[in-house]
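Numbering (the working numbering), first residue to last: 2 to 209.
Positions of the beta carbon are idealized from the N, C-alpha and C atoms, including for glycine.
Down below is the structure, laid out as structure tokens.
Here you go:
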């Protein structure tokens, strides 16, 4: 078994750009994927100036990775509608889903789709509860799991930052492989838009 440490932030556009690469781990039984949320931004309304920066960055991400940004999302960012980003409550939801059914990665993907394609307010508990319902969790299960995860969000994010510092990782997304007591960093950006090369890389890692 190979431990793969994925360092990400739900509100990071480049992590959304990498989502199809990360989805390949669903089919790698030899990999134990460990999710490490980064805590990039804590429930912050986004200013008009920064919205323009986001739109420009998203165009670059879409060009380089092939991941589409939905019209509803783009219009929302470009408009005067409320735009609030919160890495903490979304990380909390991912922790809760992972503990409930080891489906933190599915929760991350659905949060990214809801935000970057549908323009939904994923900082709101109601939006996250609806995603959880779609993943098959009952309201009671979800409420209890979110309450438990809330106690651990800060410590999980702190552990992520320590991991990044240990390996000199500068941003999101980042990745570290742990195999046979050896650690190896992976530069995910080298594989943007190249799922075949990404797959071939992991075939070599798992065969070694």
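Sequence ranges, beta strand (DSSP E) only - wholly within the segment 148–204, length at least 3: 175–180, 183–187
In three-state terms, what does DSSP make of residue 35? By one-based count along the chain shown, residue 35 stands at place 34. Strand at residue 35.
Can you have a look at residue 188 and say buried or exposed, based on whether 16 or more other CB atoms are within 10 angstroms of its CB? Indexing the chain shown from 1 puts residue 188 at position 187. By the neighbour-count rule (16 or more Cβ atoms within 10 Å), residue 188 is not buried but exposed.
Quick one: Cα of residue 105 to Cα of residue 35, how far? By one-based count along the chain shown, residue 105 stands at place 104. By one-based count along the chain shown, residue 35 stands at place 34. Approximately 9 Å, taken between the alpha carbons.
Ends of the beta strand (DSSP E) at residue 70? Residue 70 sits at position 69 when you count from the first residue of the chain shown. That residue, residue 70, is in no beta strand (DSSP E); it is neither H nor E in DSSP.
The alpha helix (DSSP H) enclosing residue 116, as first and last residue numbers: In the chain shown, the residue the question calls residue 116 occupies position 115. It spans 105–117 - the alpha helix (DSSP H) in which residue 116 sits, taken as one unbroken run.
Using the Cβ count rule (16 or more neighbours within 10 Å means buried), how would you classify residue 184? Taking the chain shown and counting its residues from 1, one reaches residue 184 at position 183. Per the 10 Å Cβ criterion, exposed.
Have a look at residue 180 and residue 30 and give me their C-alpha separation to the nearest angstrom. Within the chain shown, the letter at position 179 stands for residue 180. Within the chain shown, the letter at position 29 stands for residue 30. Spanning the two alpha carbons is a distance of roughly 15 Å.
Could you please give me the residues that DSSP links to residue 46 through a beta bridge? Taking the chain shown and counting its residues from 1, the one referred to as residue 46 is at position 45. DSSP output for residue 46 lists 85 as bridge partner(s).
Do residue 117 and residue 171 have their C-beta atoms within less than 8 Å of each other? Numbered from its first residue, the chain shown carries residue 117 at position 116. Numbered from its first residue, the chain shown carries residue 171 at position 170. Cβ distance not < 8 Å, so residue 117 and residue 171 don't count as in contact.
Span of the beta strand (DSSP E), counted from its first residue to its last, around residue 7: The residue you call residue 7 lines up with position 6 of the chain shown. Here the beta strand (DSSP E) through residue 7 covers 3–9.
Can you give me the Cβ contacts of residue 33 inside the same chain, cut-off strictly under 6 Å, excluding the 5 residues immediately before and after it? Stepping through the chain shown from its first residue, residue 33 is reached at position 32. Around residue 33: 2, 4.
Member of 18, 74, 38, 10 whose CA lies at the smallest distance from the CA of residue 160: To locate residue 160, count along the chain shown from 1; it is residue 159. Ranking the options by Cα distance to residue 160, first place goes to 38.
Assuming residue 20 is part of the alpha helix (DSSP H), what are its boundary residues? Against the chain shown, residue 20 aligns to sequence position 19. It spans 20–24 - the alpha helix (DSSP H) in which residue 20 sits, taken as one unbroken run.
Would you identify the three-state DSSP class for residue 78, choosing helix, strand or coil? Looking up residue 78 in the chain shown gives position 77. Here residue 78 sits in helix by DSSP.
Beta-carbon contacts of residue 25 that lie in its chain and below 8 Å, excluding the five residues immediately before and after: By one-based count along the chain shown, residue 25 stands at place 24. Cβ within range, chain order: 196, 199, 200, 203.
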